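Trainee: Going down the list, the sequences are from chains A and B.
Numbering-wise (the numbering used here), the first sequence opens with residue 11 and increments by one.
Numbering-wise (the numbering used here), the second sequence opens with residue 11 and increments by one.
One structure follows; several queries about it will come next.
Number of protein chains: 2
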Amino acid sequence: MDRRQRKSREAIFNAFVRLLTKRDFARITVADIIEEADVGRTTFYSHFETKEFLLKELCGELFCHIFDTEKDEHCHRHIFRCEGDDGVFLHLFKHIAHNDNNLLSLLSSENNEIFFGYFKENLLTLSKSQLDLLKGREVEKLPENFRINHIASVFTEVLKWWVDTGLKESPETITGYFYMAL
Amino acid sequence: MDRRQRKSREAIFNAFVRLLTKRDFARITVADIIEEADVGRTTFYSHFETKEFLLKELCGELFCHIFDTEKDEHCHRHIFRCEGDDGVFLHLFKHIAHNDNNLLSLLSSENNEIFFGYFKENLLTLSKSQLDLLKGREVEKLPENFRINHIASVFTEVLKWWVDTGLKESPETITGYFYMAL
DNA sequence: TATGTTACCGAACACCTTGTATGGTTTCAT
DNA sequence: ATGAAACCATACAAGGTGTTCGGTAACATA
Numbered sequence: 011m012d013r014r015q016r017k018s019r020e021a022i023f024n025a026f027v028r029l030l031t032k033r034d035f036a037r038i039t040v041a042d043i044i045e046e047a048d049v050g051r052t053t054f055y056s057h058f059e060t061k062e063f064l065l066k067e068l069c070g071e072l073f074c075h076i077f078d079t080e081k082d083e084h085c086h087r088h089i090f091r092c093e094g095d096d097g098v099f100l101h102l103f104k105h106i107a108h109n110d111n112n113l114l115s116l117l118s119s120e121n122n123e124i125f126f127g128y129f130k131e132n133l134l135t136l137s138k139s140q141l142d143l144l145k146g147r148e149v150e151k152l153p154e155n156f157r158i159n160h161i162a163s164v165f166t167e168v169l170k171w172w173v174d175t176g177l178k179e180s181p182e183t184i185t186g187y188f189y190m191a192l
Numbered sequence: 011m012d013r014r015q016r017k018s019r020e021a022i023f024n025a026f027v028r029l030l031t032k033r034d035f036a037r038i039t040v041a042d043i044i045e046e047a048d049v050g051r052t053t054f055y056s057h058f059e060t061k062e063f064l065l066k067e068l069c070g071e072l073f074c075h076i077f078d079t080e081k082d083e084h085c086h087r088h089i090f091r092c093e094g095d096d097g098v099f100l101h102l103f104k105h106i107a108h109n110d111n112n113l114l115s116l117l118s119s120e121n122n123e124i125f126f127g128y129f130k131e132n133l134l135t136l137s138k139s140q141l142d143l144l145k146g147r148e149v150e151k152l153p154e155n156f157r158i159n160h161i162a163s164v165f166t167e168v169l170k171w172w173v174d175t176g177l178k179e180s181p182e183t184i185t186g187y188f189y190m191a192l
């Protein structure tokens with residue numbers, strides 16, 4: 011990709027994230043974005059059809075770096091590779107606590123519902139590989155898609171609670187909370 | 011309240027709910043609402059500052075009828091009164107399955123996130139009175155606000171799953187799922 | 001029945017936001 | 001050096017927002 015294109019795209023993404031941490035998505039105009047990104051109006055529309063598409067692409071890039079839904083080289087298959095030492099969920103909590111990819115900022119913002127929604131969606135594939143966590147529990151008899159959904163739900167909601175209450179617990183402690191709540 | 015006022019207000023609310031079940035909130039204009047409600051533009055703005063406020067008031071009325079957050083005579087304290095026979099949660103599932111107050115329609119619509127958000131919020135006070143459900147479980151040691159949040163979360167997420175998969179289970183069965191998932 | 005008040009309506013408005021089109025400039029690759 | 005591609009500012013039409021205005025219908029009260 012052309013360097014100019016990359017720079018514009020990056021500038022727009024960064025400006026957009028900065029605005030999303032400050033203001034509700036519905037109250038962000040294209041004029042705001044291009045001013046913050048310091049690019050022309052035409053440039054914006056040559057990259058993105060609308061700001062809704064921009065949001066979608068942002069979430070795509072964001073969660074591609076956290077999870078490994080895409081199998082191409084941009085995505086480092088981080089989560090699945092690092093499974094050995096830490097456990098997947100602790101690893102996720104650590105990532106978030108470090109504010110990697112500004113995810114924490116976005117999950118703490120007025121727009122958190124949008125990003126928690128995407129988060130849970132991406133978590134579903136991961137949950138499928140973690141069904142063993144419910145071994146021996148009563149829920150084991152319930153339908154598989156219910157159990158997958160349950161794991162993703164509990165994780166997302168514990169994470170939401172953790173963020174809302176200001177990350178008072180360590181990643182290790184909150185992982186413990188998650189397992190107890192499951 | 012003046013009969014004319016009541017009629018206009020009702021017409022606007024009903025039109026708004028009808029539109030919310032069809033279209034995303036962001037894509038609903040004031041012009042759409044007043045056309046569907048068959049009232050004048052001025053009338054709309056004499057009742058509600060913006061459509062955002064209309065949404066807020068709608069949710070207020072909606073969940074006032076389902077839960078009993080308000081203690082005045084409009085609200086019948088339904089949930090707490092009927093505690094005897096059924097159990098609160100089964101009662102809630104039944105209410106929703108019957109599409110009382112069009113809540114099911116709204117929870118099934120494109121705008122479900124908005125209403126599930128309000129739903130969980132209102133559920134928190136109820137959850138506080140149901141902390142005994144976690145007796146004997148490992149989570150009991152965790153902070154109270156975590157446990158309250160956990161009960162409300164699991165209920166909301168089970169409900170979401172139930173609605174998303176098309177209410178295939180009976181209210182009794184899904185209540186069982188909820189208790190097992192807790 | 002007469003009277004004042006209140007809610008309603010349509011039309012018009014100034015303003016803002018959106019998405020596109022135009023013409024000219026800079027940056028890139030070759 | 002040259003053509004292509006990305007950039008910029010400006011302008012535009014279309015549509016949405018929230019307000020104002022003058023006139024009409026419904027109400028409550030005497």
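The beta carbon of each residue, even a glycine, is placed where N, CA and C say it ideally should be.
Bear in mind the structure is a predicted one, so any value in this text is a computation, not a measurement.
Excluding the five sequence neighbours on either side, which residues of its own chain have a C-beta within less than 7 Å of the C-beta of residue 113 of chain A, listed in chain order?
Mentor: Cβ neighbours of residue 113 of chain A beyond the five flanking positions: 72, 76 and 106.
Trainee: Do residue 100 of chain B and residue 182 of chain B have their C-beta atoms closer together than 8 Å?
Mentor: Contact: yes.
Trainee: Can you give me the Cβ contacts of residue 165 of chain A inside the same chain, cut-off strictly under 7 Å, excluding the 5 residues immediately before and after it?
Mentor: 99, 133 and 188, listed in sequence order.
Trainee: In chain order, what residues of the same chain lie with their CB nearer than 6 Å to the CB of residue 31 of chain B, ignoring the 5 residues before and after it?
Mentor: Closer than 6 Å at the Cβ level, and outside the excluded window around residue 31 of chain B, lie 115 and 119.
Trainee: In whole angstroms, what separates the C-alpha of residue 131 of chain A from that of residue 11 of chain B?
Mentor: Spanning the two alpha carbons is a distance of roughly 46 Å.
Trainee: Give the residues of chain A in contact with residue 36 of chain B, contact being defined as C-beta atoms less than 8 Å apart.
Mentor: What residue 36 of chain B touches in chain A: 36.
Trainee: Could you tell me the boundaries of the alpha helix (DSSP H) in which residue 107 of chain B lies?
Mentor: Segment 98 to 107, the alpha helix (DSSP H) holding residue 107 of chain B.
Trainee: Would you say residue 160 of chain A and residue 168 of chain A are within 8 Å of each other, going by their C-beta atoms?
Mentor: No; because the gap between Cβ atoms is not below 8 Å, this pair is not in contact.
Trainee: Under 7 Å Cβ to Cβ from residue 93 of chain A, same chain only, skipping five residues before and after it: list those, please.
Mentor: For residue 93 of chain A, the predicted structure reports a pLDDT of 47, less than 50, and the residue's modelled location is therefore unreliable. The matter cannot be settled from this model.
Trainee: Do the CB positions of residue 184 of chain B and residue 103 of chain B come within less than 8 Å of each other?
Mentor: A contact, by the Cβ cut-off of 8 Å.
Trainee: Whole angstroms is fine: what's the gap from residue 129 of chain B's alpha carbon to residue 14 of chain A's?
Mentor: The alpha-carbon atoms of residue 129 of chain B and residue 14 of chain A are separated by roughly 47 Å.
Trainee: First and last residue of the alpha helix (DSSP H) that includes residue 17 of chain A?
Mentor: That run of the alpha helix (DSSP H) goes 13 to 30.
Trainee: Return the chain-ordered list of same chain residues with a C-beta closer than 8 Å to the C-beta of residue 162 of chain A, the five sequence neighbours on each side being excluded.
Mentor: Closer than 8 Å at Cβ, skipping near neighbours: 130, 133, 134, 136 and 137.
Trainee: Determine the chain A residues that contact residue 8 of chain B at a beta-carbon separation under 7 Å, and present them in chain order.
Mentor: Since the displayed chain B opens at 11 and closes at 192, residue 8 of chain B lies outside it and no answer follows.
Trainee: Kindly indicate if chain A contains any beta-carbon less than 8 Å away from that of residue 24 of chain B.
Mentor: Not closer than 8 Å to any Cβ of chain A, the Cβ of residue 24 of chain B fails to qualify, so no.
Trainee: Please list, in chain order, the chain B residues whose beta carbon lies closer than 7 Å to that of residue 127 of chain A.
Mentor: Correct list: 123.
Trainee: So is residue 63 of chain A in contact with chain B if we call contact Cβ pairs under 8 Å?
Mentor: No, its Cβ sits nowhere closer than 8 Å to a Cβ of chain B.
Trainee: Can you tell me whether residue 109 of chain B is buried or exposed, with buried defined as 16 or more other CB within 10 angstroms of its CB?
Mentor: So residue 109 of chain B counts as exposed.
Trainee: What residues from chain B crowd round residue 160 of chain A, counting only those whose CB sits closer than 7 Å?
Mentor: Neighbours of residue 160 of chain A on chain B, chain order: 191.
Trainee: Of all the CB atoms in chain A, is at least one closer than 8 Å to the CB of residue 163 of chain B?
Mentor: Yes, because at least one Cβ of chain A sits closer than 8 Å to the Cβ of residue 163 of chain B.
Trainee: If I measure Cβ to Cβ from residue 28 of chain B and keep anything under 7 Å in the same chain, skipping five residues before and after, which residues do I get?
Mentor: Correct list, in chain order: 46.
Trainee: Please compile the residues from chain B whose C-beta is within a distance smaller than 9 Å of the C-beta of residue 156 of chain A.
Mentor: In chain order: 168, 171, 175, 187 and 191.
Trainee: Do residue 35 of chain A and residue 122 of chain A count as a contact pair if the criterion is CB distance below 8 Å?
Mentor: Result no, Cβ atoms of residue 122 of chain A and residue 35 of chain A do not sit closer than 8 Å.
Trainee: Could you check if residue 18 of chain B is buried or exposed, using at least 16 other CB atoms within 10 Å of its CB as the buried criterion?
Mentor: Buried, since its Cβ has 16 or more Cβ neighbours within 10 Å.
Trainee: Ignore the nearest five residues each way along the sequence and tell me which others in residue 51 of chain B's own chain have a CB closer than 6 Å to its CB.
Mentor: Only 44 meet the Cβ criterion.
Trainee: Which residues in the same chain have their Cβ closer than 8 Å to the Cβ of residue 145 of chain A, if we skip the five residues on either side of it in sequence?
Mentor: If we look at residue 145 of chain A and ignore the five residues flanking it on each side, it has no Cβ neighbours.
Trainee: Rounded to the nearest angstrom, what separates residue 111 of chain A and residue 56 of chain B at their Cα positions?
Mentor: Answer to the nearest angstrom: the Cα atoms are 45 Å apart.
Trainee: Rounded C-beta distance between residue 22 of chain B and residue 49 of chain B? I'm assuming under 8 Å.
Mentor: Indeed they touch by this definition, with Cβ atoms about 6 Å apart.
Trainee: Can you tell me where the alpha helix (DSSP H) with residue 154 of chain A in it begins and where it stops?
Mentor: Where residue 154 of chain A is concerned, the enclosing alpha helix (DSSP H) stretches over 154 to 174.
Trainee: Figure out for me which residue from A:152, A:24 and A:38 has the closest Cα to the Cα of residue 171 of chain B.
Mentor: Per the Cα distances, A:152.
Trainee: Quick check on this structure: which residue in B:191, B:176 and B:155 has the alpha carbon closest to the alpha carbon of residue 174 of chain A?
Mentor: Closest option to residue 174 of chain A, Cα to Cα, is B:155.
Trainee: Going straight from the alpha carbon of residue 158 of chain A to that of residue 192 of chain A, what length do you get?
Mentor: Cα to Cα, the separation comes out at about 12 Å.
Trainee: Under a Cβ-count criterion, where at least 16 other Cβ atoms within 10 Å of its own Cβ denotes burial, should residue 178 of chain A be classed as buried or exposed?
Mentor: By the neighbour-count rule (16 or more Cβ atoms within 10 Å), residue 178 of chain A is not buried but exposed.
Trainee: Tell me whether the beta-carbon of residue 61 of chain A lies closer than 8 Å to the beta-carbon of residue 38 of chain A.
Mentor: Against a cut-off of 8 Å, the Cβ pair of residue 38 of chain A and residue 61 of chain A comes out as a contact.
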